[in-house]
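Line by line, the protein sequences give chains F and L.
First residue of the first sequence? That's 1 in my numbering, and the numbers climb one at a time after it.
First residue of the second sequence? That's 1001 in my numbering, and the numbers climb one at a time after it.
Cβ atoms here follow ideal geometry from the backbone N, Cα and C, with glycine treated the same way.
Heads up, the thing below is written out as structure tokens.
Number of protein chains: 2
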Amino acid sequence: VTPEEFRRVGHLVVDWIADYRTRAATLPVRSTIAPGDVRRRLPTTPPERGEPLDTLLRDMDEMILPGITHWQHPQFFSYFPANATLSSALGDFLSTGLGVIGLNWQASPALTELELLMADWIRQMTGLSEAWSGAIHDTASTATLVALICARERTTRFSLQRGGLQGEPRPLVVYASSESHSSVQKAALLAGFGRAHVRAIPVDDAFALDPRALRQALADDRREGRVPCAVVATVGTTSSTALDPVGAMADLASEFGCWLHVDAAMAGAAMILPECRTMWAGIEGADSLVLNPHKWLGAVMDCSLYYVRDVEHLVRVMSTNPSYLRTPTDAQAVNLRDWGIPLGRRFRALKLWTLIRSEGVSGLQARLRRDLENARWLAAQIDAAPEWERVAPVPLQTVCVRHHPAGLEGEALDRHTLAWLEHINRSGDAFLNATVLGGRWAVRVSIGSETTERAHVAMLWERMQAAVRNAGI
Amino acid sequence: VTPEEFRRVGHLVVDWIADYRTRAATLPVRSTIAPGDVRRRLPTTPPERGEPLDTLLRDMDEMILPGITHWQHPQFFSYFPANATLSSALGDFLSTGLGVIGLNWQASPALTELELLMADWIRQMTGLSEAWSGAIHDTASTATLVALICARERTTRFSLQRGGLQGEPRPLVVYASSESHSSVQKAALLAGFGRAHVRAIPVDDAFALDPRALRQALADDRREGRVPCAVVATVGTTSSTALDPVGAMADLASEFGCWLHVDAAMAGAAMILPECRTMWAGIEGADSLVLNPHKWLGAVMDCSLYYVRDVEHLVRVMSTNPSYLRTPTDAQAVNLRDWGIPLGRRFRALKLWTLIRSEGVSGLQARLRRDLENARWLAAQIDAAPEWERVAPVPLQTVCVRHHPAGLEGEALDRHTLAWLEHINRSGDAFLNATVLGGRWAVRVSIGSETTERAHVAMLWERMQAAVRNAGI
């Protein structure tokens, strides 16, 4: 494709996206197709000859769109919001168009420098001290893996330079609440700790880690000859946005010589609101922190910010310095390949730059406050409605709920919950998901799509009330 | 930004990219700025209020472009080509515009299904058997980390479900050539093996792994009570595109019960040419394989394909199944989160789809053959020129070279090599990099930018000859 052909089709693609975003609200939120339906309609073998890209947008409409679940839909209430704002999209287009790769500073200085600056802007926006330095990773799963490896290496005084985990005399242990994200356990297993050395610490009634139980687990392991290594605090759990007590956990981590990693993948965005910052009080006592601008804040996926206080330690764990990557400027410049796992990196800072410039801090704050207010409104409706039960506190924008008529308990209640959820999801009018809280299924209403206004939440609440009447109970 | 505002500015962005690609050839290839120059010109604090995005493109020209090293420039001969073809860019735009995230199949069925199909198209294009299944990762560094973790878990029969590497009685060992990519050692260290258990196997005169030395190392470790775990073969090393003997290594891996991972990040693309496939003869004996369509082939970064023969094993190592990700279709559909480290994933298959459809297999083949022919031409010029020395075979598109006048040896020769390299790079006329081969610096000429024709290579050769006269010797 020549630049001129790209110009022509590129305009059509921009128009297609603008039209898609305009009409997204009219489409069924969750894709209605069955497994295999998309693939069945596409050629099983690659084309021998090229074809003009004019057919592309027709195929997007006919073959791809039916297989899309619309995350940018105002009735998308599932998982967490993943706002791919159109201002951020423009920055992402520019990154794609430039086609540069940040193997080192010299491979495109602007890529490294804007990334460090954007990480610093977000640091300031979230009220973190200057002690933190950050860079962009793909996802919180990866950042948490990096954190646990850094913890492992601090505890073992760089065993990777010797025999690795294979040379350590006493096993290291990782601690996180039973409500922590699946990626924490996955990271611990991938980093070689082993399931036997990962502790799921019990939570309190608000689904936040119980610090007395953490102290007990740390003390038990130490007494029995194991080495407490890393504690993971979650600020905004996936099920219910519960808030672990970061300050108390920081104290315990310090007392037991552990690394403290804070998973604020979702709730980190809320810290651009000063009134929310008590939610992670004690954050300056942590060693590392991940927050995802590609969720609620509005950066296009993938954009996960990983901050540490000790960059030198991070680089010592992650650095490589082969001859073919050395440059005359290495001594004066930062090479971000040494801040994470991948060597190559896209110019991802552009999509943060266009987002923050276009919306401004005050614009982002106003949108998040709107969503918090919508969540409080929905919580109040549920609290006032007979037979409905809000099953967790609502510190942020996610409301966990059951319809709980008298006499319906146990597995029958679970069946009812999943039935009315599927009734809504199958309708295409809205998309929610479920989670297990306190041993029973609950429905999550996660508010915060860019286009979701109060009217959409009110419509959802009506649909929920209609669904429990029609879900076949 | 509303869809209509996005439509307006989006057209400007497309035009800016088309213009950029048209004029890229007129810009100095390597950025000429000094560390800190970009950041110094940008506001240190985020803007309180949003601004219209109209200033964006002016800022791209004034603040960002001077800090860009132009990977899409026809005189870019550094590292490896990273072709962000404009056909692929359009697919990437669509992915960004849709803004969907593939947490599981249901979160956008088309994302999963097109990704599996595109991995299968590339499998067919590279002549791999149907035994392989692949998915997209960000980079080969990450894929190689996944491979070594999978090897670790096969050898230990899933130690991650028990005590991890901390519970194993005998240390596991990883083997790769001394010319393997830095990411192999990094992956081994991150996976917990420890530097003491990573063997750098000597290479032969062509910089390919010596299988007799590998056998010796495997036997030594086994005799001394260690457990051979993983062998990594490189098809197309980074320094000189050397080709490890995959078939012989597969035999040894099988004999010693090791996992064989093949790093074909660069050379994998060449396998779309049937005449190149002897370069990885024996590939069907490997357990895993990574190749990067975001290099020579032309997919926009990031797009690294990781293939395995035993998907069930991969999923058993990588899977998580928290309640909040379960869906009614889990039993019938593939959830790609269980094929790698990150949970979230972009719709990256779209950029492969538009690339392959637009260029066709024959178009991609023709471009790669052009580049191979250009590399052979340059090698012939060097071979025929007095005082010039080609320091490695040229099986693919990279030519490693020294200007080696009589009497110039050792460190003086190194200084000369780095001086004429920097002379060219500083001029902005072309961009090359250096590597250490056989203990001495050599310059790499890595051909294969989409826009690089024979005339550009001929011009480079003239510049190289001029540079050695002017580099201050």
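Asked, Found
"Any 3 or more C-beta pairs closer than 8 Å across the stretch 1401-1413 of chain L and the stretch 1434-1444 of chain L", "yes"
"L408/F in three-state terms, based on DSSP", "coil"
"W1339/L - DSSP class collapsed to helix/strand/coil", "helix"
"Three CB pairs or more closer than 8 Å across the stretch 1347-1361 of chain L and the stretch 1118-1126 of chain L", "yes"
"Neighbour flag for G1253/L against chain F, beta carbons, 8 Å", "As written in the sequence, residue 1253/L is Ala, which differs from the Gly given in the question. Closer than 8 Å: no."
"Where T96/F falls, given that 16 or more other Cβ within 10 Å makes a residue buried", "buried"
"Neighbourhood of H197/F by C-beta, 8 Å cutoff - its chain only, sequence neighbours within 5 removed", "P171, L172, V173, V174, A188 and R226"
"Reference V1001/L, options D287/F, G438/F and A299/F, closest by Cα", "A299/F"
"Contact list for W125/F against chain L, beta-carbon separation under 7 Å", "Contrary to the premise, residue 125/F reads as Met rather than Trp in this sequence. In chain order: P1046."
"T238/F - DSSP class collapsed to helix/strand/coil", "coil"
"N- and C-terminal bounds of the beta strand (DSSP E) containing S1133/L", "S1133 to H1137"
"Enclosing beta strand (DSSP E) for C400/F [first to last residue]", "T398 to H403"
"N-terminal and C-terminal residue of the alpha helix (DSSP H) that V1315/L is part of", "V1311 to M1318"
"Under 7 Å (Cβ pairs) to chain F, residues found in the stretch 1192-1208 of chain L", "G1192, F1193, G1194, R1195, A1196 and H1197"
"Under 8 Å from the C-beta of E1168/L: neighbouring residues of chain F", "Q166"
"Reduced DSSP category for A151/F - H, G, I as helix; E, B as strand; rest coil", "helix"
"Burial state of A1253/L (16 or more Cβ within 10 Å)", "buried"
"F1080/L versus G1099/L - alpha carbon distance", "30 Å"
"Own chain, CB closer than 7 Å to T1085/L, minus 5 neighbours either side, in chain order", "G1298, L1355 and E1450"
"Straight-line gap, Q185/F to C229/F (C-alpha atoms, nearest Å)", "14 Å"
"CB-CB length for T139/F against P1342/L, believed under 8 Å", "4 Å"
"Beta bridge counterpart(s) of W1441/L as assigned by DSSP", "V1436/L"
"Beta carbon proximity, V311/F to chain L, threshold 8 Å", "no"
"The stretch 1270-1290 of chain L contacting the stretch 1238-1254 of chain L, beta-carbon criterion three pairs below 8 Å", "yes"
"Residues in the stretch 323-336 of chain F having any Cβ partner in chain L nearer than 7 Å", "S323, Y324, P328, T329, Q332 and A333"
"Burial state of Q1216/L (16 or more Cβ within 10 Å)", "exposed"
"For H11/F, the first and last residue of its enclosing alpha helix (DSSP H)", "P3 to R23"
"Any alpha helix (DSSP H) of 4 or more consecutive residues that is wholly inside the stretch 34-69 of chain F", "37-40 and 56-59"
"Under 8 Å (Cβ pairs) to chain L, residues found in the stretch 357-380 of chain F", "R357, S358, E359, G360, V361, S362 and G363"
"Secondary structure of S1446/L, DSSP reduced to three states", "strand"
"Beta carbon proximity, Q397/F to chain L, threshold 8 Å", "no"
"Close Cβ partners of E1387/L (< 7 Å) along its chain, the five nearest in sequence each way excluded", "H1403, H1404 and P1405"
"Minimum length 4: unbroken alpha helix (DSSP H) runs contained in the stretch 240-276 of chain F", "246-255"
"Beta carbon proximity, V262/F to chain L, threshold 8 Å", "no"
"Three-state secondary structure assigned by DSSP to I201/F", "strand"
"Neighbour list for N1433/L in chain F, Cβ cutoff strictly below 7 Å", "Y324"
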